[in-house]
Structure formats: C-alpha cells, structure tokens
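Data first, discussion second: the structure below is written as structure tokens.
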Amino acid sequence: MTTHRPEETQPGDPTDTPPQEVRPPKDWAAGLPGIAHALVPALRGMSPTRTARLLLSMNHRDGFDCMSCAWPDPDRRKPAEFCENGAKAVTWEATPLVVEPSFWAEHPVSDLVTRTEHWLGQQGRLVEPVHKAAGSDHYVPVSWDEAFAIVADRLNGLDSPDQASFYTSGRTSNEAAFVYQLFVRAFGTNNLPDCSNMCHESTGAALGETIGVGKATITYDDFALADLIVIMGQNPGTNHPRMLTALEEAKENGASIVAVNPLPEAGLKRYKNPQTVRGLAGRGTELADQFLQIRLGGDMALLQAVSKRVLDAEAAAPGTVLDHEFLAAHTSGLDALRAHLADLDEDAVLAATGLASAEIDELAGRYLRAERVIVTWAMGLTQHAKAVPTIKEIVNLLLLRGNIGRPGAGASPIRGHSNVQGDRTMGIWEQMPDSFLDALDAEFGIASPRAHGLDAVATVEAMAAGRVRALVALGGNLVGAISDTGAAEEAVRRADLTVQISTKLNRSHAVVGREALILPTLGRTDIDRQASGEQMVSVEDTVCAVHASHGKVEPVAPGLLSEVSIVTRLARAVLGERPDGPGPIDWAAMERDYDVIREHIARVVPGCEDYNAKLRRPNGFRLPHGPRDSRTFPTADGRAHLTVNELAPVECPPGRLLLQTIRSHDQFNTTIYRRDDRYRGIKGGRAVVLVNPDDLVELGIADGSTVDVHGEYHDGVDRVLRGQRVVAYPTARGCAAAYFPEANVLVPLGATAETSRTPVSKAVVVRLEPA
Ligand code: SF4
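Residues 1477 to 2247 in this note's numbering are what the sequence shown lists, from first letter to last.
Quick look at the structure:
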C-alpha cells in the first residue's frame, strides 16, 4: 500500500475555507498544464506502472470506461483517449491507499461529520463492510454475511416495502443497475430515485413530451458535420473535457460555435489540444465565434426570440426558410407556435436575457445560414424552474428548419455522469412505463408494483416525514448532492437505517440514519472475477452508444465485492427470508456469469435484443432512436410537437442577486479532487461567491471581503452559506455563483422544476451580508 497520506484538515465546520489566492480567470483550456494536472497526481497517487496501465486502457476497446462524465468515444481512438479530469477520476478511484481497520475506532461518526468532502475522499478506498449500531457513534467492521443479514432483517421488518427507498448513482453499470431494479421491484416498491433526478430529468421530460424519446438525437460523428453548434448552460472544458476535441474538429470543418452562458468559461473560448503541436506550442483553437452572456433564467426568452426571427424571415420570404416538407410530414403545432411568438415582447426578452437585440439578431442570422445545427446543453438549462419548457423551446427551434433526424444536426443534452443514461435504460426510474414492467414480470415471474415511486427530492421529503425509514444507496452521495443540505441531513438522520454501497468515503457516510452500514465495492478499474471467470460490464454514453468496460487492475483488497455481487447477495438475503416470494429468480447464476444478466436484459429492455453479441462488437452498438434514425417520433400521434410555452422570467428584487451553483475544475459532482479551480483563477479554498464588479459597486460590497450569503425563498426560512470570500468576476450582471455542493444549503428542497422536479440550483435569489 502507498505511504502517501492525505493533506490534513482540522475537524470543525465541514464547509470549505476561502481561497488563499485569486487570480484573473484563464481564457483557454487544457494545453501543457492539462497534461501536468492529469499526470502528476496520477504518478503521485499510483505507481508509474499502474498509471500507464490504467490511463492507456481508459476508454479503449478492451479497457474500462471512464467513470467520470458520459462523453462518448470516437470510433477511431487515439492512444491517449482521456482528459485531465478523467485522469483525476481514475487516480481517485484506483489509489492503492485504503481505509485501515483502525480508522473506524479513531474516527467516530461525530468526527466524520465535521470533515470536508475533500478530506473524506482522501482517506482511501473502503475495503471492509462496517456497521454502526443504533445509538453508537462508531462504525465497526462486520463480515459480509452479518451485513447482509442486518439489511435483510431491517428491510423485512418494515410495515411496507414503500418505507424503503433505493438510490442509484450514475457510476453503476448496466448489469448492476438491472439486477438492482429487479431486486427492488421484487421486494415490492418503485422507490428508485437516482442522480438523474437532480440533473437531466428536465431533459428527459422535455424531449419525451415533444419527440417521444428523452435522449440525444445525435451521434458522436454529427459534431464534425455540423455548420453551427450552440452550447447552452454548459461548461465543457471542466465537465466533459474531451468534447473540446470534437468542437475543435467541427471548427476545422468550418462550423461556427455560439456559447450561451452567464460565465465566460475558459473552455468555451480557446482550446489548446494537448495531443497536437498547435495545442501544445501555439495558440490552440478559438472556439466560440459568439458569446452571449445571458442572465440566469433567460434562455427560454432567447430561444423564443430566435424562433420568432426565423418565423419572421419566413414571412418575409415565404417558402424559403422553414423546412416545410419536414414540418408537414412529421410535426404538429406550427400554427399555434407562430401565433404565440407573433406577440413576443422584445423588451421582455431583453430584460430576461440581459442581451442586446443585435446579439440575438446575430445568433438568428447564424441559425438561418446554417444547414445543420446542433444545440447542446447541460445543467445550466436543466436546473431552472422553467427548465422543461426551455428545453422544449430548443426542440421548437430545431424543428422549424428540420434540424432533427439528419446528419450533423440535432438535440444534444450532455449527461454528467458516466452511466446515468444507461441506468435509466435498465429500469432505474421511479416511474418506468408498464410495458417495461410487464416484460420484467414475464421474464422473472414477479408482480412489479405499478404505483409510481419516489424521486430524489420526494425520498428526502418522505424521510423527513417518517414515511421512508430505510435508504439503500448504490453509489453516489445523495445527502451531499441534494438541495437544502440542512433539511436533507435532518431528514436522513431520522431514518432507521441507511446503507451505502461505495468505493470511498463521502458526506453520505457521515450523515446517516440511526443504524448505518457501509458496503465497500469494486470500482470500474478493478478486475471483477466471478466463478465463471473475469467479467465485463456495460455502459451507455450520452449519445446512446452502449459498450463494454473491463477492469484492469487487481482490487486493492481481497474481500471486495462487485456491485453485482452485493446486489444479488442482498436480494438473496432479503427475498429469501420472505414467505411470499419472490419466485424462482436465480440470483446466484447472475452473479456467477454476467452474460446471464445480459440474456435477461436482452429479453426485457427495448433495443437490447441480442445484447451479449452486440456488446462484443468492436465498438459495441447504438441503441435505436426513432427521431434520430428515421424521423419516427414515438409520441401518441406519431409526430414531433412544436409547443407553446409562456415566458416567466425569474424575478430578482433590487439589492439581491440570482445565484447559480457551479463546479470547480478540480471536482467531479460532489467529489473534490483539490481545493483549486484553475481556469477561474481560484486556489486553495472553495468558500467564494463570484459577483460582477459593477454589481459589487452597486451593492457597496468590496472585492475580497467576506460575506454570508442568505437565500431568499417564499417559505421564510433563512438559509445561509457563511463566510464566503467575494470575488469580483466577469459573470453576467445581476448574477452570482458559488460552488456545489457547499451552496446546496441555499437551494430549498421545495424549489423544483415544473414537471421534472429537478432542484432549482441555477437561479436562487440571494442577498449578501457582511460576515
Ligand atoms: S471527457 Fe469525460 S468521459 Fe472522457 S475522459 Fe474526460 S471525464 Fe472521462
């Protein structure tokens, strides 16, 4: 085991401290520093052999899939097919540093709860099951059999299966996700919240309603064919860095790029590709041809204004602008949309967006000149109250000129966690359609519950109300990721039992129910051996491509179990004790050989027929997608829907700011690799609030001062993020930013997006007060 010990921080307030250094933000991403920041931590944290073995097999055909974001792989791979943040994720997971048995006696839960996410994650890999008894302050190592018996006893002791909720994170493989949802439904509930509830749920809702499929309508190759790529509410340089290579290729092929964002992110400006001479030694590639610095919550108004200009252009030159053939054959709602946008108030648009008419004209001009347009987005769009109608406006704009279902064009949500999309395909959803449940029941001889279950926010609300008494989490960090940290933590502590299936420690191991278990599991990088031999798993990326992932290094400890092993053994322990079922499900056969799971998947999950064979093709396979493949829209009437959405700009009273939560360049979701944010010039601490310098003058607040950030919401609760250093930053006027997950404390649990119920983390009304 490595002797490298983590940087120590004193216990106390688990939120971070202000930065030691603040410099001007960078205007380019990657380059040589990207290589250094990828390799130096890897070489420090792992041996050179382990580093080479892992990084060179990452995202390769016989290698493992990056456990970080869901960006797809090109068919033709380069030797180094990873980015800086992918390397950090691998280093984080594949560290040989382990949590020693003595750790649990030295660190009671009351100590863990005072530590930051950064400190918790640095303690190394979890290697033995541990149990905290009710009333105890300590986890104590237990055997696997003891751990499963405890969970079985507590789950079977509930009054109803609906008193338990089963969370899933986006790292989980398709195989583990499939057996997990099967176990949960055989147990008797649809309480299957997942991390998607907190990120792209709005995307699924909007695309599902309008085009019939809640997933991207493009493939990887479409980026290189596009004439125009509009990037909205997204920071690819940090959150899916290899996307910059695809954008660079598009630029080389003549595409123009428009970035729409409140923050001028380095990765939206210029990319120094570390795999090219020009990237290493030259200026790199200028990316955004136009940057629209939009006010938070202004995207729907912008999209409507562009669509109106498109319709006006058609009115001025009838028959020359819209794709009439496509619209007539495949869509509905054009007349209603035209009538609605005819009354669009330009002044209201300008107020909502903070943009000038000329800027919107320029974007509309680019859209009208382009034959093939991709609109791509991430959580800057999905975490607003009006996220679903905003994304429907993207669909409106694309449909007007037939930009769905043809090469180089389409809707491109970029998902943030490796297999979050695959987990949903495998049935991780609290409201899977009856067609899926019917197939599941027929395959396994069970009777799935049909009432919809609880999503992530509803699970926390139900725990607060005492209606959910047990929480099982297959990966992730629910209490760290969910909004309204104080309320969420109080809710979790009310539970009788919390169970975390994890690779490393995080906040969800420190904020627990009266009784708690940690079940350590293999990571993506670990070789997974079962009775039939080494196993592979499968994942689905953000453009519906499914492929295999093979662990590459020996597990850090002999007793670690894979997620599939843990879930199938848990199922046997829980369901085997029940007199009423669950029928003849052969869990042992599925654990022994994951091909058996995939045979079941092939018969249950639409699009996965012949799954084992298709997965063994060199690049796996692409799931069918009617709108993308054949302009077939699986909606009730077989048409794509242009929709009418009422503008509802976010109000912000005078003297207040709209705050969004953001991720630093040195973090992945709630995992904090380092306390720096290189591209934004912030070093050695995360307690910052970024504010436009003109707003600081107006508010009479000095750059560099320390403030408490108070959230203002109509429930009258004073939510406070304390001790933030004010950083004058070129964000949009009236808008501020602070880091996730620390700033989750400001987002009310009840503030969720219409329809999707995604937490509204991108437009929180706040006031700053001297600390
Ligand atoms: S772009 Fe995303 S998937 Fe690819 S290596 Fe980087 S973090 Fe991993």
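By construction, the Cβ of each residue, glycine as well, lies at the ideal position given by its N, Cα and C atoms.
Please read these numbers as outputs of a predicted model, since none were measured by experiment.
Quick check: the Cα distance between T1479 and G2083, rounded to an integer number of angstroms?
Here residue 1479 is taken as the residue at index 3 of the sequence shown, counted from 1. Here residue 2083 is taken as the residue at index 607 of the sequence shown, counted from 1. With a pLDDT of only 34 at T1479, under the threshold of 50, the placement of this residue in the model should not be trusted; the figure read from the coordinates follows. T1479 and G2083: Cα-Cα distance of roughly 48 Å.
Excluding the 5 residues flanking D2152 on each side, which residues of the same chain have their C-beta closer than 6 Å to its C-beta?
Here residue 2152 refers to the residue found at position 676 of the sequence shown. The residues are D2142 and K2159.
Taking 7 Å as the cut-off, is the C-beta of A1565 nearer than that to any heavy atom in the ligand SF4?
The sequence position of residue 1565 within the sequence shown is 89, counting from 1. Answer for A1565: yes, Cβ within range of the ligand SF4.
Nearest-angstrom Cβ-Cβ length linking P2103 and I1880, presumed shorter than 8 Å
The sequence position of residue 2103 within the sequence shown is 627, counting from 1. The sequence position of residue 1880 within the sequence shown is 404, counting from 1. Yes, they are in contact, since the Cβ atoms of P2103 and I1880 sit about 6 Å apart, within 8 Å.
Mapping the DSSP letters down to three states, classify T1422 as helix, strand or coil.
What is shown of the chain runs 1477 to 2247, which leaves residue 1422 out entirely.
Measuring only the C-alpha atoms, how far is N1632 from V2050?
Within the sequence shown, numbered from 1, the residue matching residue 1632 stands at position 156. Within the sequence shown, numbered from 1, the residue matching residue 2050 stands at position 574. Whole-angstrom Cα-Cα distance: 7 Å.
Opposite F2144 in the DSSP bridges: which residues?
By 1-based counting over the sequence shown, the position of residue 2144 is 668. In DSSP, F2144 forms a bridge with T2147.
Element boundaries [alpha helix (DSSP H), containing E2067]
Stepping through the sequence shown from its first residue, residue 2067 is reached at position 591. E2067 -> alpha helix (DSSP H) spans W2063 to R2068.
Along the chain, which unbroken stretches of the alpha helix (DSSP H) at least 4 residues long are found entirely within the region 2093-2177?
2102-2106 and 2169-2175
Is H1716 near the ligand SF4, judged by its Cβ being under 7 Å from some heavy atom?
In the sequence shown, the residue the question calls residue 1716 occupies position 240. For the ligand SF4, a non-hydrogen atom lies closer than 7 Å to the CB of H1716.
In whole angstroms, what separates the C-alpha of H2117 from that of T1866?
In the sequence shown, counting from the first residue as 1, residue 2117 sits at position 641. In the sequence shown, counting from the first residue as 1, residue 1866 sits at position 390. Straight-line Cα distance between these residues: approximately 14 Å.
What separation, rounded to the nearest whole angstrom, lies between the Cα atoms of H1513 and N1715?
If you number the sequence shown from 1, residue 1513 lands on position 37. If you number the sequence shown from 1, residue 1715 lands on position 239. Computed Cα separation, rounded: 15 Å.
Is it true that the CB of A1789 sits closer than 8 Å to the CB of L1826?
The sequence position of residue 1826 within the sequence shown is 350, counting from 1. The sequence position of residue 1789 within the sequence shown is 313, counting from 1. Cβ distance not < 8 Å, so L1826 and A1789 don't count as in contact.
Taking the beta strand (DSSP E) that H2186 belongs to, which residues open and close that run?
Within the sequence shown, numbered from 1, the residue matching residue 2186 stands at position 710. It spans T2182 to G2187 - the beta strand (DSSP E) in which H2186 sits, taken as one unbroken run.
Using only the alpha-carbon positions, how far apart do M1477 and V2202 sit?
As a working note, residue 1477 is residue 1 in the sequence shown. As a working note, residue 2202 is residue 726 in the sequence shown. Bear in mind that a pLDDT of 39 at M1477, under 50, signals an unreliable position, so the model cannot answer this.
V1660 versus F1642 - alpha carbon distance
In the sequence shown, the residue the question calls residue 1660 occupies position 184. In the sequence shown, the residue the question calls residue 1642 occupies position 166. Distance between the alpha carbons of V1660 and F1642 is about 7 Å.
Hey, out of A1915, S2237, E1576 and V2015, whose CA is closest to R2225's CA?
Counted from its first residue, the sequence shown places residue 2225 at position 749. Before going further, note that residue 2225 is Leu rather than Arg in the sequence given. Nearest C-alpha to L2225: S2237.
Please name the residue, chosen from D1551, D1837 and D1638, that lies closest to G1942 on a Cα-to-Cα basis.
As a working note, residue 1942 is residue 466 in the sequence shown. Nearest neighbour of G1942 by Cα position, chosen from D1551, D1837 and D1638, turns out to be D1638.
If the criterion is Cβ atoms closer than 8 Å, does the pair G1507 and L1763 meet it?
In the sequence shown, counting from the first residue as 1, residue 1507 sits at position 31. In the sequence shown, counting from the first residue as 1, residue 1763 sits at position 287. Taking 8 Å as the Cβ cut-off, G1507 and L1763 do not qualify as a contacting pair.
E2039 classed as buried or exposed, judged by whether at least 16 other C-beta atoms fall within 10 angstroms
Start at 1 with the first residue of the sequence shown, and residue 2039 comes out as number 563. Classification for E2039: buried.
Hey, could you find the ends of the alpha helix (DSSP H) S1578 is sitting in?
By 1-based counting over the sequence shown, the position of residue 1578 is 102. Where S1578 is concerned, the enclosing alpha helix (DSSP H) stretches over S1578 to E1582.
Run through the region 1792-1826 for me and flag every whole alpha helix (DSSP H) of 4 or more residues, listed as ranges in chain order.
1800-1806 and 1810-1818
Is the number of C-beta pairs between the region 2120-2140 and the region 1542-1550 that are closer than 8 Å three or more?
no
Three Cβ pairs or more, each shorter than 8 Å: is that satisfied between the region 1894-1914 and the region 1710-1728?
no
In three-state DSSP terms, what is K1564?
Here residue 1564 corresponds to residue number 88 of the sequence shown, with the count starting at 1. Helix, per DSSP.
For H1816, the nearest candidate out of E2075, A1793 and E1869 (CA to CA)
As a first step, residue 1816 is located in the sequence shown; it is residue number 340 there, counting from the start. When each option's Cα is compared against that of H1816, the closest is E1869.
Going by beta-carbon coordinates alone, are S1924 and D1917 separated by less than 8 Å?
By one-based count along the sequence shown, residue 1924 stands at place 448. By one-based count along the sequence shown, residue 1917 stands at place 441. Yes; because the gap between Cβ atoms is below 8 Å, this pair is in contact.
May I ask you to report which of helix, strand or coil DSSP gives K1554?
One-based indexing of the sequence shown puts residue 1554 at position 78. In this structure, K1554 counts as coil in the three-state DSSP scheme.
Using 10 angstroms around the beta-carbon of A2227, count the other beta-carbons present and answer buried if the total reaches 16, otherwise exposed.
For the purposes of this step, residue 2227 is identified with residue 751 of the sequence shown, where counting begins at 1. Looking at its Cβ environment, which holds 16 or more other Cβ atoms inside 10 Å, A2227 is buried.
Mind checking K1554: buried by the 16 CB within 10 Å criterion, or exposed?
In the sequence shown, the residue the question calls residue 1554 occupies position 78. K1554 is exposed by the Cβ-count criterion.
Sorry if obvious, but does the Cβ on S2008 come closer than 7 Å to a heavy atom of the ligand SF4?
Position 532 of the sequence shown, counting from 1, holds the residue named residue 2008. No, Cβ of S2008 sits at least 7 Å from all heavy atoms of the ligand SF4.
Could you give the C-beta distance for R1945 and A1971, rounded to a whole number, given that I count them as a contact under 8 Å?
The residue you call residue 1945 lines up with position 469 of the sequence shown. The residue you call residue 1971 lines up with position 495 of the sequence shown. That belief holds up - the Cβ atoms of R1945 and A1971 are roughly 6 Å apart, short of 8 Å.
Kindly indicate which three-state DSSP category G1929 falls into: helix, strand or coil?
As a position in the sequence shown, residue 1929 is number 453, starting the count at 1. DSSP places G1929 in coil when its eight states are reduced to three.
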